[in-house]
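Asks: Starting off with a structure, shown below.
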Amino acid sequence: MKKLTQTILVSTCITTQILGSIQAAFATEEGETPANHILDFSSVIQNEGEAIEGGTLRYAVVSDEPFTGAFNDMFDTSESDSLIMSFISPDLYGYDENFVIDDSGFAKVRLDADKLTATITIPEGHTWHDGEPITIDDVIIPYYMIGHPDYSGIRYGYEFQNVVGMDEYHEGKTDTIEGLERVDDHTLVIHYKEFSNSALQANGMVSSFIQPNHIFKDIPIAELEDSEYVHGNPVGFGPFKVESFTPGESVTLTAFDDYYKGRPKIDYLQLDTVSSATVVQELKNGNYDIADLPTDQYDLFKDASNFQVAGNLANVYTYIGFKMGHWDDELEENIYDETLPVSNRELRRAMAHAVDNNAIGSQFYSGLRHQANSFITPNFADYYNPDQSYPEYDPELAKSILEEAGFVDVDGDGFVEDPEGQPLKLNFGFQAGGEVAEPIATYYIQCWRDIGIDIELVDGKLLEMNSFYERLRGDDPEFNVYQAAFGLGGDPNPGEFFGRQEFWNYTRWTDEKNDELIERINSKEAYDFDFRKQAYYDWQAYMMEELPAIPTLFRYNLTAVNNRVSHWDINNIQDIDWTHVQLLADTPIKQ
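Numbered by UniProt numbering, the letters in the sequence shown go through residues 1 to 591 in order.
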């Protein structure tokens, strides 16, 4: 897997308190990359020893907010809920190291580009946690739930809209979806309006959802999200089932005897919410076996003796976004507003050049995060352009860009007015969480103020995570600029995040050329690898020209694995082979 290597430049706009430490720790010759910028971690941990019978694996779900407890793929919106659900009810199908659908999961998927169909076949003889048999109706019902006009979640995207007859069903004109052809109890043929190369990718064109039809068929769609089967009592078919649940705090799972890949060798999986501030000490104290590690605390755990650290490059990027419009529920489309201050491309360019993201990655994350140059992560090696240029740190250039675009300080207060001579005042949305959130937010604000932009935090403070995303999704007018992160899942297709008709496009930016470039990625011609690769390269280049958002950091995932855990593979956490996971002691090893 390719890694980005960039020169570490020290930002002059970092506050006085932290500037000295950056200079001391990262004083390298220009053009030299610090040794800790490229890190090598194993993604698989093996510990030898005699295994105990059964036992309880203790998993720390690292979060500074209580998990919402929306234990259903159609409604969960947090990483914590999604993680917990992966143990209860896995995806419908499997995929390989390139996120291409394969036969490693529960269902088999066969594509026919000429007929515009996907045939899904599930095995016979398997049951849900409550003992009811799994049938093809469980694959069909998510389409009727998510496509329904009363559906309150956010999953109604391309993989549903592209099904023949879905528009009519979604508009309430019919009670059936024409494109869902039920062949028998274990076979479904899905007819699509169009085919794109995303069909090959996990969660690209073919939905990976499977839900217990015998439960949800009798619940009104408008009441689904608040039902007990979403909050606290989910019925899945995965390796573990829910035994007990304390809202927002913990979940106790017990092994499912009839799991289709074989019963786990451990008896229980205990998942507790643990704050990022205390998780390292909790691990050292022997309270947990597994936990994602906060990379901003690397120095606290790098020499730990009772657990090993597994790591890989995450399929996630952090970004600075600009709010340039709103979502129209009736049209189901993003409405771009060119009159908003941040709709000015030159303002966005200047803000991009004003910050040094490599310095942030080095100082606050020990080199475990580094400059992102694309909205495609390096994990998609066939499509990611490692040579894509990006706005490098240059505050003087940033000032020049502002001046040339008409952003000048008219009244001498140190801050620029807009090109019409009106005051320019921006608000920056930033989440609370971890020790570095506040200094990083302060860093960005100071950088932008140093080039003459008057900007401050939304409400004058960091925002609690759930409140932040509620306001972001709701297009709160107080949000002009924000920092967030986005996980690409199994499909690098940018339509979901930057598409005109995609709710996940939180910037609300739309552009005809962007539409055309995304259409090229989705075209029939893109089945040709060279054409597809060039289409992705062209889109990445255009995004670095327009900058509706600024990709800031790629990151490593780091996971602590206690020395009593026999095997753990972080590359396959969503579908880990639980027959290989055993415990070598009754309780986690202490430091």
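Ideal Cβ positions, reconstructed from N, Cα and C, are used throughout, including at glycine.
Quick one: what does DSSP say P239 is sitting in, helix, strand or coil?
Replies: P239: coil per DSSP, three-state reduction.
Asks: Give the straight-line distance between the Cα atoms of M544 and S467, rounded to the nearest whole angstrom.
Replies: Between M544 and S467, the C-alpha separation is close to 30 Å.
Asks: To the nearest angstrom, how far is the alpha carbon of L293 from that of Q281?
Replies: Computed Cα separation, rounded: 11 Å.
Asks: Using the C-alpha atoms, what's the distance from D91 back to I576?
Replies: Between I576 and D91, the C-alpha separation is close to 12 Å.
Asks: Could you give the DSSP three-state label for D575: helix, strand or coil?
Replies: In this structure, D575 counts as helix in the three-state DSSP scheme.
Asks: With DSSP collapsed to three states, give me the class of P395.
Replies: P395 falls in the helix class under three-state DSSP.
Asks: Does A485 come out as helix, strand or coil in the three-state DSSP assignment?
Replies: A485: strand per DSSP, three-state reduction.
Asks: Out of curiosity, what's the CA-to-CA distance linking S104 and G94?
Replies: In a straight line, the C-alpha of S104 is about 5 Å away from that of G94.
Asks: Could you tell me which residues DSSP puts in a beta bridge with Q201?
Replies: Paired residue(s): V100.
Asks: Could you tell me whether the Cβ atoms of L457 and A51 are closer together than 9 Å?
Replies: Not in contact: L457 and A51 (Cβ atoms no closer than 9 Å).
Asks: On the criterion of 16 or more Cβ atoms from any shown chain inside 10 Å, does D138 qualify as buried, or is it exposed?
Replies: Flag for D138 reads buried.
Asks: When DSSP builds the beta bridges, which residues end up paired with W327?
Replies: BP columns for W327 point to N334.
Asks: Suppose contacts are defined by Cβ-Cβ distances below 9 Å. Is P548 in contact with M324 by that definition?
Replies: Yes; because the gap between Cβ atoms is below 9 Å, this pair is in contact.
Asks: Excluding the 5 residues flanking W578 on each side, which residues of the same chain have their C-beta closer than 6 Å to its C-beta?
Replies: Correct list, in chain order: P239 and P264.
Asks: Just the C-alpha distance for E132 and D511, rounded to the nearest angstrom, thanks.
Replies: Cα to Cα, the separation comes out at about 49 Å.
Asks: Could you have a look at D73 and say whether DSSP puts it in helix, strand or coil?
Replies: Three-state DSSP puts D73 in coil, outside helix and strand.
Asks: Taking the continuous beta strand (DSSP E) assigned at N344, which residues delimit it?
Replies: First-last for N344: undefined, no H or E at that position.
Asks: Can you give me the start and stop residues for the alpha helix (DSSP H) that R532 sits inside?
Replies: Looking at the DSSP string, the run of the alpha helix (DSSP H) that includes R532 is F529 to E546.
Asks: Nearest by alpha-carbon distance to P234: which of Q211, D356, E249 and V206 is it?
Replies: Out of Q211, D356, E249 and V206, Q211 has the C-alpha closest to the C-alpha of P234.
Asks: State the Cα-Cα distance for the pair A484 and D185, rounded to the nearest angstrom.
Replies: Rounded to the nearest angstrom, the two C-alpha atoms are 43 Å apart.
Asks: Give me the Cβ distance between Y192 and N162, rounded to the nearest whole Å; I'm assuming they're in contact under 8 Å.
Replies: Indeed they touch by this definition, with Cβ atoms about 5 Å apart.
Asks: Taking all protein chains shown into account, do 16 or more other C-beta atoms lie within 10 angstroms of the C-beta of P571, making it buried, or fewer, making it exposed?
Replies: Strictly speaking, residue 571 in this sequence is Asn, with Pro absent from that position. Burial call: exposed.
Asks: Hey, could you find the ends of the beta strand (DSSP E) E456 is sitting in?
Replies: D454 to L457 is the span of the beta strand (DSSP E), which, as asked, contains E456.
Asks: Provide the residue(s) that pair with residue 647 in DSSP beta bridges, ordered along the chain.
Replies: The chain is shown only over 1 to 591; residue 647 falls outside these bounds and no answer can be derived.
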